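Step one of this worksheet: look at the structure below.
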Amino acid sequence: MNKIRVRFAPSPTGYMHVGNFRTALYTFLFAKKHQGTFILRVEDTDQKRYVQDALEKLVQIMNWAGLEYSEGVYIESGKVTQKGEYGPYIQSERLDIYKKYAEELIEKGQAYYCFCTPECLEKMRAGQAEKKQAPMYNRSCLKLAADEIKTRIEAGEKFVIRQKISTEGFTEYDDMVRGKVKIKNDLLDDQILMKSDGYPTYNFANVVDDHLMQINHVLRGEEYISSTPKYIQLYQGFGWEVPEFAHLPLLLNPDKTKLSKRQGDVSVEDYIQKGYLKEAIINFVALLGWNPGEGSTQEIFSTEELVKKFDLAHVHKAGAIFDLKKLDWLNAQYIKKLSVDELYEKAKEFLEQKDFFKNASDDKKTEEYIKKVLAIEQERLANFFGVGDSSKFFFQDVNYDKELLRWKKMSDEDLKNNLEKSVQVLENMVDADWTKENLEKNLLEVAGDRRGDLLWPLRVALTGEQKSPPPFEVAWVLGKYESLERVKMALNKL
RNA sequence: GCCGCCAUCGUCUAGUGGUCCAGGACAUCAGAUUCUCAUUCUGAAGAUCACGGGUUCGACUCCCGUUGGCGGUACCA
Numbered sequence: 029m030n031k032i033r034v035r036f037a038p039s040p041t042g043y044m045h046v047g048n049f050r051t052a053l054y055t056f057l058f059a060k061k062h063q064g065t066f067i068l069r070v071e072d073t074d075q076k077r078y079v080q081d082a083l084e085k086l087v088q089i090m091n092w093a094g095l096e097y098s099e100g101v102y103i104e105s106g107k108v109t110q111k112g113e114y115g116p117y118i119q120s121e122r123l124d125i126y127k128k129y130a131e132e133l134i135e136k137g138q139a140y141y142c143f144c145t146p147e148c149l150e151k152m153r154a155g156q157a158e159k160k161q162a163p164m165y166n167r168s169c170l171k172l173a174a175d176e177i178k179t180r181i182e183a184g185e186k187f188v189i190r191q192k193i194s195t196e197g198f199t200e201y202d203d204m205v206r207g208k209v210k211i212k213n214d215l216l217d218d219q220i221l222m223k224s225d226g227y228p229t230y231n232f233a234n235v236v237d238d239h240l241m242q243i244n245h246v247l248r249g250e251e252y253i254s255s256t257p258k259y260i261q262l263y264q265g266f267g268w269e270v271p272e273f274a275h276l277p278l279l280l281n282p283d284k285t286k287l288s289k290r291q292g293d294v295s296v297e298d299y300i301q302k303g304y305l306k307e308a309i310i311n312f313v314a315l316l317g318w319n320p321g322e323g324s325t326q327e328i329f330s331t332e333e334l335v336k337k338f339d340l341a342h343v344h345k346a347g348a349i350f351d352l353k354k355l356d357w358l359n360a361q362y363i364k365k366l367s368v369d370e371l372y373e374k375a376k377e378f379l380e381q382k383d384f385f386k387n388a389s390d391d392k393k394t395e396e397y398i399k400k401v402l403a404i405e406q407e408r409l410a411n412f413f414g415v416g417d418s419s420k421f422f423f424q425d426v427n428y429d430k431e432l433l434r435w436k437k438m439s440d441e442d443l444k445n446n447l448e449k450s451v452q453v454l455e456n457m458v459d460a461d462w463t464k465e466n467l468e469k470n471l472l473e474v475a476g477d478r479r480g481d482l483l484w485p486l487r488v489a490l491t492g493e494q495k496s497p498p499p500f501e502v503a504w505v506l507g508k509y510e511s512l513e514r515v516k517m518a519l520n521k522l
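Residue numbers (the working numbering): 29 to 522.
Structure, rendered in structure tokens:
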């Protein structure tokens, strides 16, 4: 078999939709798995939807995710460049190519000029809808004589080029994830290939480019399934080899409609901003519609493992609801695996945006201090967006009601005694011994078997919170001086 | 409307004719550890495999139909 060549061909919309991202991931995995070539092509044929910098953003996300490709569009030192023998890889730079092939199709009798205006078409479709017919082009321009076409074009009249569908029989193909798909040809519309602005439609450009770029496996979203027969007719019309198709299931909103912006965050950028790790996003998205099969119960996959195990045969056919609960869990798993240094690097920018951090004193903004806080927060974090939210007491003064200090029904005197015991323990420790382990050891020794009596008031004194990490850990981060200050402040309340 | 695709716990899914009165994960609940929270561990609950017909000795698995959901039906991709 020939070397596998696949492409991810998004249109630059300004952000990376997670559904598209999954298509990119699967395509990448498929290519790697089979030692094939992965190509990034940009489908910017809709002038009306032009978005500034969209192309750059697209490439950035591909880079960020590590979805490496070896042909197509790149950004190098801020500038768009292209690599590969089959370029250009940006469709707006290939207009003359589409024009040439469209004309070839006309000569072959597989396409024709159409002068119908949008208004006229709308009227036609309205009429068809009224008669409960399927809206389809009525082919009125198919009958036009050659010289009439010529004079109208020369007169500067606007036109499009339409595919002349052969309406006989069926078009059938074998989808790599769905098996046989069969559609009756007379249901197919004479779709527009070239728009009046000289740009091709997706429907035309994708076929021409896939052929010219020698793409032999087409992976794309399920929404293209019903137009695939038209593409097949195009390949056949040119006499080109038809590639293999794999139509991937859709990603859905919780209400099962196609995942859309209205119902929450749909772009990969949104999740990056919320502090989800690349590894978690990839892992999560990969499992939405695919599984390793063979009774495997593995949930955590590195990209390398994904490459090894990915298989189109185990891609699910039904759409998958994009449910964030599992993403949180996965992200927490990946966060737990981070070293303190990695954790610091990733969490820093999120922490710096928080007001309680901005207002903190300088000694609490040192790398050393932040790393201690993070080490303690690590097992409580589902994403970086919430970093520090439950640990504000590390950065600001505590403020709480005196009653919070009381463990169960202990008396004021008891409470005071216990806090004083804590003060003694802390005061007797020298800075060099100030570790989580020693703090725990020394405090527990004094507490005996009535741990709550000592630990609860101490913990509240240090944090001012009902819920928090253990006092040993908090005291360790705060340091001897600050810890004692806080406990003494608690005593003053009594 | 027409055409197409799809259909297993709330969610993601395993399952390719007997080993399935259906397995795992997330979420939920309970218990253990514990000063609280979180983590971790253990356990529970949760799916008449959408429904109805076939085929077969036997169907979650194959076929047909129904229903439902979704997608397409654009000079969007």
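Ideal Cβ positions, reconstructed from N, Cα and C, are used throughout, including at glycine. All figures in this text were calculated on a predicted structure; none of them were measured in a lab.
Spatial distance of residue i from residue j (CA atoms)
i: Lys-386; j: Trp-357; result: 29 Å
i: Tyr-252; j: Gly-265; result: 19 Å
i: Tyr-509; j: Phe-423; result: 15 Å
i: Leu-305; j: Arg-33; result: 29 Å
i: Tyr-160; j: Lys-178; result: Reading off the sequence shown, one finds Lys at residue 160, where the question assumed Tyr. If you take the alpha carbons of Lys-160 and Lys-178, they lie about 36 Å apart.
i: Val-313; j: Val-46; result: 8 Å
i: Gly-249; j: Pro-38; result: 11 Å
i: Ala-130; j: Ile-181; result: 15 Å
i: Asp-390; j: Glu-327; result: 42 Å
i: Gln-291; j: Lys-392; result: 39 Å
i: His-62; j: Trp-462; result: 55 Å
i: Gly-416; j: Ile-103; result: 35 Å
i: Glu-465; j: Ala-475; result: 15 Å
i: Ala-157; j: Pro-163; result: 7 Å
i: Val-235; j: Ile-300; result: 34 Å
i: Val-515; j: Asp-383; result: 25 Å
i: Asp-351; j: Lys-449; result: 49 Å
Start-to-end residues for the alpha helix (DSSP H) that takes in residue i
i: Asp-383; result: 383-386
i: Ile-300; result: 296-301
i: Val-453; result: 440-455
i: Asp-124; result: 123-135
i: Thr-463; result: Careful: Thr-463 lies outside any alpha helix (DSSP H) and carries neither H nor E.
i: Thr-117; result: The sequence as given places Tyr at residue 117; Thr does not occur at that position. Neither: Tyr-117 is in no alpha helix (DSSP H) and is coded neither H nor E.
i: Val-87; result: 82-93
i: Arg-514; result: 508-521
i: Phe-312; result: 306-314
Limits of the beta strand (DSSP E) - the one that residue i falls within
i: Leu-18; result: No information on residue 18 is available, as it lies outside the stretch 29 to 522 that the chain covers here.
i: Ile-243; result: Segment: none, Ile-243 is in no beta strand (DSSP E) and carries neither H nor E.
i: Lys-111; result: 107-111
i: Cys-144; result: From DSSP, Cys-144 is part of no beta strand (DSSP E); its letter is neither H nor E.
i: Lys-430; result: Segment: none, Lys-430 is in no beta strand (DSSP E) and carries neither H nor E.
i: Tyr-101; result: Inspection of the sequence shows that residue 101 is occupied by Val rather than by Tyr. Here the beta strand (DSSP E) through Val-101 covers 99-104.
i: Gln-191; result: 188-191
Assigned exposure category for residue i - 16 Cβ within 10 Å defines buried
i: Gln-381; result: exposed
i: Ser-98; result: exposed
i: Glu-395; result: exposed
i: Gly-64; result: buried
i: Met-517; result: exposed
i: Lys-146; result: The sequence given here has Pro at residue 146, not Lys. Exposed is the call here.
i: Ala-173; result: exposed
i: Arg-487; result: buried
i: Ala-388; result: buried
i: Ser-168; result: exposed
i: His-245; result: buried
i: His-275; result: buried
i: Val-205; result: buried
Close beta carbons around residue i, own chain, < 7 Å, minus the five adjacent residues each side
i: Met-152; result: Asn-166
i: Thr-331; result: Gly-94, Ile-310
i: Lys-364; result: Gln-406, Glu-407
Residues of its chain near residue i, where Cβ-Cβ distance is below 8 Å and the 5 sequence neighbours each way are ignored
i: Thr-195; result: Asn-213, Asp-214, Leu-216
i: Leu-371; result: Ile-363, Lys-399, Leu-402, Ala-403, Gln-406
i: Gln-110; result: Gly-100, Val-101, Tyr-102, Pro-116, Tyr-117, Ile-118
Contact belief for residue i with residue j at Cβ below 8 Å, rounded distance in angstroms
i: Leu-221; j: Arg-190; result: 6 Å
i: Pro-485; j: Leu-447; result: 5 Å
i: Val-296; j: Phe-36; result: Contact doesn't hold; Cβ gap of about 13 Å is too wide.
i: Thr-55; j: Leu-247; result: 5 Å
i: Leu-334; j: Leu-68; result: About 19 Å; that fails the 8 Å criterion.
i: Leu-279; j: Gly-347; result: 7 Å
i: Lys-223; j: Val-188; result: 6 Å
i: Lys-302; j: Phe-232; result: With 8 Å as the limit, Lys-302 and Phe-232 do not qualify as a contact, their Cβ atoms being about 39 Å apart.
Contacts around residue i, its chain only, beta-carbon distance under 6 Å, and the 5 residues preceding and following it disregarded
i: Ser-120; result: Asp-72
i: Ala-59; result: Val-34, Phe-66
i: Phe-338; result: Leu-57, Lys-61
The ligand ADP heavy atom lying under 7 Å from the CB of residue i
i: Cys-148; result: Inclusion of the ligand ADP in the displayed structure is not the case, the ligand content being empty and no account of it being possible.
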